[in-house]
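Numbering-wise, the sequence shown is residues 44 to 419 according to the numbering used here. First comes the structure, then the notes that go with it.
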Amino acid sequence: MKIHEYQAKELFKQYGIKVPASVLCEKKENIEQTIKNFTFPCVIKAQVHSGARGKAGGVKLAEDYNSAIITAEKILGMELTSKQAGTKKVNKILIEQAVNIDKELYLSLTFDRANEAIALIISNQGGMDIEETAKISPDKIYTQLITDNFNPEETVKKLGFNSIINWQICSIINSLYRLVKEKDALMAEINPLVITKHHEVIALDAKINFDDNALFRHEDILALKDEAEENPCELQAQKEGLNYIKLNGTIGCMVNGAGLAMATMDVIRLAGKEAANFLDVGGGASSDKIEKAFKILISDKNLKAVFINIFGGILRCDFLAEGVKNAIQNLNIDIPVIVRMEGTNKSKGADILNHSGLKFTVVNDLNEAIEVIKNI
Ligand code: GDP
Ligand code: MN
């Protein structure tokens with residue numbers, strides 16, 4: 044789960060990481076009153092779950108009161124389009140005291156699955172072009188795996204700053220590490236972490252990504268979830284207890300079991316098409332659940348067909364067929380539906396679909412499925 048910069052900065056404060064003074068603003072009518080409390084320059088920052096807001100026009104420095112107001116009014120409510128997150132409406136802005144930047148660094152703690160450890164990644168070439176740095180001069184980015192007797196000092200020394208700065212950076216790394224461990228974050232990033240002209244080290248940006256599977260033990264973090272930022276279909280699916288992830292292809296798929304769902308996406312690829320989603324309806328899906336799953340699937344405007352691939356174990360094929368038939372009737376689905384069933388009561392299931400008077404393509408195996416999907 045992602046949170047907003049302003050929320051991450053509140054957490055930073057709790058852990059003793061310095062951030063600039065700021066106030067959140069959600070309504071146009073509050074802009075003037077909020078900006079009155081600032082000295083200038085100040086920075087207006089779009090609060091959306093997206094990186095690269097700066098390049099997308101969502102972060103602007105304002106030199107005086109009037110331009111701050113004009114800028115804030117422009118950013119609050121704007122549609123922000125970034126490479127990373129597509130187009131998003133800006134519902135909140137953070138108004139922040141500007142900082143006199145001497146140097147922009149990059150700092151992150153990321154869960155490194157291959158090494159089963161958290162990795163510290165740091166560079167003295169931070170800021171908006173960090174991706175470029177990673178490509179052009181990867182030697183400027185230092186990585187250290189965090190072990191039991193972790194001490195960031197050696198890595199931090201490589202950045203080439205004096206000991207007063209180094210001490211501040213090390214202290215921020217230790218605080219950030221404590222935050223990541225205590226709150227079960229998968230990633231915490233500060234880009235830029237800046238050294239000011241007054242030799243202070245301050246977090247100018249803040250991104251944290253939490254482990255969804257650990258949220259049950261962090262009510263405080265779960266409370267930070269901004270539903271407006273979630274994909275509406277995925278949110279709906281979560282509420283229905285379905286495992287759904289929206290993707291960019293045209294073939295919707297409904298599958299039971301996560302492994303089979305992945306294999307099904309491979310099959311769609313083999314047919315030269317892309318999956319529109321990942322959907323695991325689970326082992327004991329009821330007819331009602333299947334209909335709900337269909338509803339979520341067909342809300343996708345890119346959809347050209349639905350491929351149902353079910354292994355009838357706990358969920359019997361005839362039971363599934365009833366559910367699918369009802370859903371298609373009730374929801375008036377008029378795109379092709381391809382069904383591959385295997386397992387308990389397979390032929391009974393096929394009979395129900397074939398005699399439903401509706402248009403299904405019941406295939407016998409995955410090779411046949413590929414042939415049908417190819418021609419969509
Ligand atoms: P991002 O583009 O979504 O990562 O947003 P950031 O919060 O990182 O802001 C983008 C850039 O705006 C930073 O890399 C800084 O160069 C600049 N910026 C942000 N806050 C300040 C500030 O207080 N003073 C100055 N001079 N620049 C700032
Ligand atoms: Mn940033």
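For glycine and all other residues, C-beta sits at the position ideal for the given N, C-alpha and C. Given the structure is predicted, the values throughout are model-derived calculations rather than measurements.
Considering only residues of the region 155-239, which uninterrupted beta strand (DSSP E) runs meet the minimum length of 3 residues and lie entirely inside it, listed in chain order?
List check, beta strand (DSSP E) in window: 160-166, 184-188 and 228-239.
Let's see if you can read the secondary structure: which residues bound the alpha helix (DSSP H) around Lys417?
Residues Leu409 to Lys417.
Hey, which residues come within less than 6 angstroms of the ligand MN, measuring from Cβ to any heavy atom, in chain order?
Having a Cβ closer than 6 angstroms to some heavy atom of the ligand MN are Asn234 and Asp248.
Would you kindly report the start and end of the unbroken beta strand (DSSP E) that includes Lys250?
Lys250 -> beta strand (DSSP E) spans Lys250 to Phe253.
Locate the alpha helix (DSSP H) running through Arg312, then write down its first and last residues.
Its alpha helix (DSSP H) spans residues Ala301 to Leu313.
With DSSP as the reference, please indicate the residues paired to Ile357 in a beta bridge.
Answer is none; Ile357 lacks a bridge partner.
Rounded C-beta distance between Leu278 and Ala336? I'm assuming under 8 angstroms.
About 14 angstroms; that fails the 8 angstroms criterion.
Between Ile144 and Leu119, is the Cβ-Cβ spacing less than 7 angstroms?
Contact flag unset, no.
Please confirm whether Ala249 and Ala393 have their CB atoms less than 7 angstroms apart.
Result no, Cβ atoms of Ala249 and Ala393 do not sit closer than 7 angstroms.
Check the DSSP bridge columns for Val324 and list the partner residues they point to.
According to DSSP, which records beta bridges pairwise, Val324 is partnered with nothing at all.
Report the rounded CA-to-CA distance for Lys178 versus Ala364, giving the unit in angstroms.
Computed Cα separation, rounded: 51 angstroms.
Does DSSP classify Ala99 as helix, strand or coil?
Three-state DSSP puts Ala99 in coil, outside helix and strand.
From Thr82 to Asn109, what distance separates their C-alpha atoms?
Answer to the nearest angstrom: the Cα atoms are 12 angstroms apart.
Just mark Arg96 as buried or exposed, buried being the case when its beta carbon has 16 or more other beta carbons within 10 Å.
With 16 or more other Cβ atoms within 10 Å, it is buried.
Do you know whose CA, among Lys126, Asp343 and Gly101, lies nearest Thr114's CA?
Considering only alpha carbons, the answer is Gly101.
Among Thr404, Ala231, Ala157 and Leu313, which residue has its Cα nearest to the Cα of Ile46?
For the residues Thr404, Ala231, Ala157 and Leu313, the minimum Cα distance to Ile46 belongs to Ala231.
Among the residues of its own chain, which have a CB less than 6 angstroms from the CB of Asn158, if the five just before and after it don't count?
So the qualifying residues of the chain are Leu188.
Can you say whether Asp361 is buried or exposed, counting buried as having 16 or more other CB atoms within 10 angstroms of its CB?
Buried.
Who does Ile245 pair with in a DSSP beta bridge?
Val237, per the DSSP bridge assignment.
Where does Ala99 land, buried or exposed, given buried means 16+ other C-beta within 10 angstroms?
Buried, because 16 or more other Cβ atoms sit within 10 Å of the Cβ of Ala99.
Let's test the definition: count the other Cβ atoms within 10 Å of the Cβ of Asn299 and tell me whether it reaches 16, buried, or not, exposed.
Its Cβ being crowded by 16 or more others within 10 Å, Asn299 is buried.
Does the beta carbon of Arg260 fall short of 6 angstroms from some heavy atom of the ligand GDP?
No.
What's the C-alpha gap between Pro379 and Gly327?
Answer to the nearest angstrom: the Cα atoms are 25 angstroms apart.
Quick check on Phe259: buried or exposed, where buried means 16 or more other Cβ atoms within 10 Å of its Cβ?
Exposed, because fewer than 16 other Cβ atoms sit within 10 Å of the Cβ of Phe259.
Is it true that the region 288-297 meets the region 328-348, where meeting means three or more beta-carbon pairs spaced less than 8 angstroms apart?
With the cut-off at 8 angstroms, the region 288-297 and the region 328-348 touch.
For the alpha helix (DSSP H) containing Glu277, name the first residue and the last one.
First-last of the alpha helix (DSSP H) with Glu277: Pro275 to Glu283.
Note the first and the last residue of the continuous alpha helix (DSSP H) segment covering Phe259.
Where Phe259 is concerned, there is no enclosing alpha helix (DSSP H), given that its DSSP letter is neither H nor E.
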